[in-house]
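Residue numbers (our numbering), protein chains in the order written: chain A, -15 to 390; chain B, 26 to 286. We treat Cβ as the ideally placed atom computed from N, Cα and C, and that holds for glycine.
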């Protein structure tokens, strides 16, 4: 322990004697470590953003789409084969035990007129449970009721984008809008939801009772999809199985027949999206790691120069009885100290850069302690790895030659 | 009494391309404890080679070398390092001090590599060694703040600090002016009076006159070995010399022996 302290002292003294050169030597590692931490921090920040976005959509949400029909290899579009009906949704609601809510959805595009203009948007016919399923909050007013659904009431809730477009952001409750020339009364407004991870605008939407949407707007008897929510994230898979079973019974499918519908869970989507982000983070980290390795080569370069320059010093040390291992340890300690100090400065630099990114630029970056330790540890490994060759070269010098070296 | 150094038909050949240089052609001699021996000879007489072999910096081609009665040929690199560390002290022509390192740290250097822990307090031993060479007031001075003579005194203190069996000095006055040379020799004489065995290489007859025995080498062989009948006292000579003030101007604290660290 005492020897180790002395080694550290000798190493730090020699580093301090050449401050400028030591700083330049460490610069590669400083930048490398900072780059790794910041890059991975940016990646992790983006990942956290996506996760927050997706969980705001309701992580337990499960969506059932009708299967696309096929003619040869040509898709005929959703709902062309086995279709979903309100009865299917009703059976799920009655029979399922693992679900917190069920909402059939009828989606239709429509031109709406109201307030100061007109706007082409999506109209969703849903049940009152829809808001809870999507973890969507009301901004003002109220959701329509089961009674509204039964009587196909002409009431609507508007998303933020619609309010901005048609009412210049003013409170539209009690106003009338016309959807395909049918007048609807606005009874509520929806909280802002922002963009979907795929770039579409969640707030560009009008919600109406599902029956209203189906019979007054879309026409026909088939619904677009069924949105349910599992009672908990853990039971998501079991809930999917249960819904599949109910729908197969409802459609009277024989065991050898295909489902005829597809089920997606928000949990799956989240997995896919975060997986994409994770790959991205890894990629950024890998690029930064390359610069860390380049920094290590810089250390090796300078240490080699240093060994040549200090041949006489090494000769003196050998003459007074330093063993090869002593000289090796000295130079190795020096390069490890250089890279660790570089790592420490790099970490400090990374923290200030992410601080600026978070608070001035407004990005989200997440610096995980594990990444800092990893970058730091990597810097130490680089110090040993790239310091070993020069240190060995020093240790193997012949004392007489070293003493005579000019 | 067992000799400190004993060699038997020591030879050393250097192969330089197709040429074989026979630097030592059979050297037999002994140095007893407490002796103060100078080895003289022209350039190429083999005295530096002998010094390197005796200093365990180089291995002889053939022959035997006994240090403190123990055969020290055919050892490993680390074993030679240990002998250098614990039983030998070196003084070089060019001082060979670590630059930008205090006198005290320079002197302590050999103890840093002493794994035997036979010396309890390295720092105190280093201070004591510097006191013995008269530099008690220069402990924190770095080599570039010291004159050539003072630097050589630091080097002597470094050779002393590990309590060696013998101090080997290779042309210790070669870079010094005459007054400083005598000054350094007075240090050696004092140490020898205290019982320390010293072997010194020089080509200056004046310097050899301060030792107790002169060995002359030529062409890799010992051709003369005689006691010094009328030994001079460096301290007395120093008193007889002109005042130091005039001379210190020319006492160039040469940087030659400095090593960048």
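- Residue pairing from DSSP places residue 102(A) in a beta bridge opposite 97(A).
- In the DSSP assignment, residue 186(B) falls outside any alpha helix (DSSP H) and carries neither an H nor an E.
- With the criterion set as a beta carbon lying under 7 Å from some beta carbon of chain A, the members of the segment 70 to 86 of chain B are 77, 82, 83, in sequence order.
- According to DSSP, residue pairing for residue 63(B) in a beta bridge involves 225(B), 239(B).
- When DSSP assignments are scanned along the segment 106 to 160 of chain A, the uninterrupted stretches of beta strand (DSSP E) that are 3 or more residues long and fall wholly within it turn out to be 122 to 125, 139 to 142.
- Contact annotation: residue 138(B) and residue 306(A) have beta-carbon atoms nearer than 7 Å.
- Here residue 48(B) is near residue 71(B), since their CB atoms are less than 7 Å apart.
- Proximity of residue 384(A) to chain B, defined by a Cβ-Cβ separation below 7 Å, is satisfied.
- Note on geometry: alpha-carbon atoms of residue 80(A) and residue 222(A) lie some 11 Å from one another.
- The alpha carbon of residue 186(A) has as its nearest neighbour, out of 8(A), 387(A), 174(A), 97(A), the alpha carbon of 174(A).
- For residue 218(B), the enclosing alpha helix (DSSP H) stretches over residues 203 to 218.
- Neighbours of residue 107(B) across chain A, judged by C-beta separation under 8 Å: 305, 307.
- Under the three-state reduction of DSSP output, residue 144(B) falls in the coil class, being neither helix nor strand.
- Within the segment -4 to 29 of chain A, the residues whose Cβ lies closer than 7 Å to any Cβ of chain B are, in chain order, -2, 1.
- Shown here for residue -4(A): same chain residues with a beta carbon closer than 7 Å to its own, the five before and five after excluded, namely 321 in chain order.
- Within chain B, the C-beta atoms nearer than 9 Å to that of residue -10(A) come from 137, in chain order.
- In the DSSP assignment, residue 87(A) forms a beta bridge with 211(A).
- Under the 7 Å criterion on CB atoms, residue 217(B) is classed as non-interfacial with respect to chain A.
- Not a single CB atom of chain B sits nearer than 7 Å to the CB of residue 33(A).
- Listed along the chain, the chain A residues whose CB falls inside 9 Å of the CB of residue 202(B) amount to none; the nearest CB is some 23 Å away.
- A buried status is given to residue 118(B), since no fewer than 16 other beta-carbon atoms sit within 10 Å of its beta-carbon.
- Against chain A, a Cβ distance below 9 Å from residue 103(B) picks out 307, 308, 309.
- Residue environment for residue 181(B): buried (at least 16 other C-beta atoms within 10 angstroms of its C-beta).
- Taken in chain order, the unbroken stretches of alpha helix (DSSP H) that lie wholly in the segment 34 to 105 of chain B and span 4 residues or more are 72 to 79.
- With the criterion set as a beta carbon lying under 8 Å from some beta carbon of chain B, the members of the segment 266 to 297 of chain A are 293, 294, 296, 297, in sequence order.
- For residue 240(B) against residue 192(B), the beta-carbon gap comes to about 16 Å, at or over 8 Å, which does not count as contact.
- Counted as a single uninterrupted DSSP element, the alpha helix (DSSP H) harbouring residue 136(B) occupies residues 128 to 137.
- Contact annotation for residue 316(A) against chain B: no contact, minimum CB-CB distance about 16 Å [criterion: below 7 Å].
- The secondary-structure analysis by DSSP pairs residue 206(A) across a beta bridge with 69(A).
- Closer than 7 Å to the CB of residue 110(B) there is at least one CB belonging to chain A.
- With a cutoff of 7 Å on beta-carbon distance, residue 215(A) and residue 82(A) are scored as near each other.
- With a threshold of 7 Å between beta carbons, residue 49(B) makes no contact with chain A.
- In the three-state reduction of the DSSP assignment, residue 252(B) falls in the strand class.
- In this chain, residue 198(B) is not harboured by any alpha helix (DSSP H), its DSSP state being neither H nor E.
- Around residue 148(B), no beta-carbon contact reaches into chain A at under 9 Å, the shortest distance being about 12 Å.
- Taking a beta-carbon distance threshold of 7 Å, residue 115(B) counts as an interface residue toward chain A.
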